[in-house]
Amino acid sequence: MIATKYILGAFLFCCSINLNAQQLNKVILDSIISQSQRTNSNALIIYKDGNIAYENYFNNAVQKIEAMSATKSVVAIGIGILLDKGFIDSLNQPVYTIYPEWKQGNKKFITIRHLLEHTSGLQNVPNAGDEVEIAPDVIQLALCAELDDKPGTRYSYNNKSSNLLAGIIEKTAKLKMDAFLDKYLFKDLGIKNFSWRKDEKGNPYGMAGLQIYPKDFAKIGLLILDNGNWNGKQLISAAWIKEMLKPSPNNQNYGYEWWLTYENMYYSFDDELINAIKNETDETTFQLIAKLKGRYKGMKDLREFAQKIYSPEELKLVGKIMQKVQPSQMKTVNDGEILNYTASGYLGQYLIIVPKSKTVVVRMITSDNFKKIPNNSTMENLRKLVNEL
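In this note's numbering, the protein residues as written are 1308 to 1696.
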């Protein structure tokens, strides 16, 4: 191994390039490293064929970092363990069998599967800080939420659903979710030092909150890459891994709390979305927005097209409305095979698994380091770059 390590006080700073890195595409690796440096990353870890190939903390202390919404993907593993061990009957089990207060109205139709797929229909504020983060009891907040949609009919990214999954683990296994995952997952993986943010009531968040060392986070990716097997011990059934990473009917880019990256993927700015926007704007702005109808590779592609067809004045009008449009609201059109599976979180937390090349990539950043980035880049293109490593 070619490695340089520096000890400063109580902290370890490290950049390690293993011989396994020779199996990686040098041009792509250099590009990923360069982007990681420019975006003030705290850690970049790459495993190839089960062995460490690259490890860099960019002169930052080796520390636990919050995985943000990438936590959701770990929670999904917890639900799989619940199922494997018989704590729940099936994913089609109605939530009211665990929380009887839902045994009325349309909530009685919500299943555990709906929570995992974000198709529960529960009313939700997209920005968790506006509602969920300030709630003293996130489980009760989820249970008391009204319905925006009929359960199982529409995908809508929902933090309340994910928090309720944490409650389901506790109610069925009689352990707080963090203790449950420690007992049935982390201990076997050798993850000894982690923490979890909780609400005032003591509920660990399911939407975010896992604070973990980047190298430990990579172990979760390695476990999934090996179909739930760790050093000869089956921690999660291979059947669950397959089920968890299967495209959901209402969002082909999403499994059970995991994002899927396809060979070719487009966002569709269609009539349904355009008409939904109509209710929020005047006729003049609506006619301008209607010109955006089409397919785009991403929000950047959409913005670049808008800059070409609008005058500066028109762009300002359209921009005010378009700020409210998120990729999750746009239908997706996918072509080709699934290239990787990603646990993704706010600020650019990534755990990416590329089965074909047997590669696992972790990129993490603290909120303090993120504040230093001039353009607030979250390395969105990392999910595409890793496929070429």
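Quick reminder that beta carbons are idealized off the backbone N, C-alpha and C, glycines included.
Since the model is a prediction, treat every value here as computed from it, not as a measurement.
Problem - Opposing strand residues paired with Asp-1642 [DSSP bridges] - result: Locating residue 1642 in the sequence shown gives position 335, counting from the first residue. DSSP lists Asn-1571 as partners of Asp-1642.
Exercise for the section: Could you have a look at Asn-1558 and say whether DSSP puts it in helix, strand or coil? Expected result: Counting from 1 along the sequence shown, the entry for residue 1558 is found at position 251. Residue state, collapsed to three classes: strand.
Handout entry: Exposure label - Glu-1564; buried when at least 16 CB within 10 Å
Key = Mapped onto the sequence shown, residue 1564 falls at position 257. With 16 or more other Cβ atoms within 10 Å, it is buried.
Problem - Cβ pair count under 8 Å reaching 3, the stretch 1522-1531 against the stretch 1654-1662 - result: yes
Exercise for the section: Could you tell me the boundaries of the beta strand (DSSP E) in which Arg-1297 lies? Expected result: Because the chain in this structure spans residues 1308 to 1696, residue 1297 falls outside the shown range and cannot be described.
Problem - Three-state secondary structure assigned by DSSP to Phe-1365 - result: Residue numbering aside, residue 1365 sits at position 58 when the sequence shown is read from its first letter. Note: Phe-1365 maps to coil in three-state DSSP.
Practice task
Would you mind sorting Ile-1417 into buried or exposed? The rule is 16 or more other CB atoms within 10 Å of its CB.
Solution key: For the purposes of this step, residue 1417 is identified with residue 110 of the sequence shown, where counting begins at 1. Result: buried.
Practice task
Just the C-alpha distance for Gly-1601 and Asp-1577, rounded to the nearest angstrom, thanks.
Solution key: Taking the sequence shown and counting its residues from 1, one reaches residue 1601 at position 294. Taking the sequence shown and counting its residues from 1, one reaches residue 1577 at position 270. Going from the Cα of Gly-1601 to the Cα of Asp-1577 covers about 7 Å.
Exercise for the section: State the start and end residues of the unbroken beta strand (DSSP E) segment that holds Val-1693. Expected result: Looking up residue 1693 in the sequence shown gives position 386. First-last for Val-1693: undefined, no H or E at that position.
Practice task
Would you kindly check if the distance between the Cβ of Lys-1467 and the Cβ of Asn-1434 is under 8 Å?
Solution key: Locating residue 1434 in the sequence shown gives position 127, where the first residue counts as 1. Locating residue 1467 in the sequence shown gives position 160, where the first residue counts as 1. Not a contact, by the Cβ cut-off of 8 Å.
Handout entry: Reduced DSSP secondary structure (H/G/I, E/B, other) of Trp-1565
Key = Taking the sequence shown and counting its residues from 1, the one referred to as residue 1565 is at position 258. DSSP places Trp-1565 in coil when its eight states are reduced to three.
Practice task
Report yes if the C-beta of Lys-1631 is less than 7 Å from at least one heavy atom of the ligand SAH; otherwise report no.
Solution key: Of the ligands one can find in the structure shown there are none, so the ligand SAH has no counterpart to examine.
Problem - Top-ranked residue by Cα proximity to Ile-1531, from Met-1551, Lys-1505, Asp-1589, Pro-1556 - result: Indexing the sequence shown from 1 puts residue 1531 at position 224. It is Met-1551 whose Cα lies nearest to the Cα of Ile-1531.
Problem - Status (buried if at least 16 other CB within 10 Å, exposed otherwise) for Glu-1373 - result: Locating residue 1373 in the sequence shown gives position 66, counting from the first residue. By the neighbour-count rule (16 or more Cβ atoms within 10 Å), Glu-1373 is buried.
Handout entry: For Arg-1260, the three-state DSSP class (helix, strand or coil)
Key = With the chain running from 1308 to 1696 in the structure shown, residue 1260 is simply not present.
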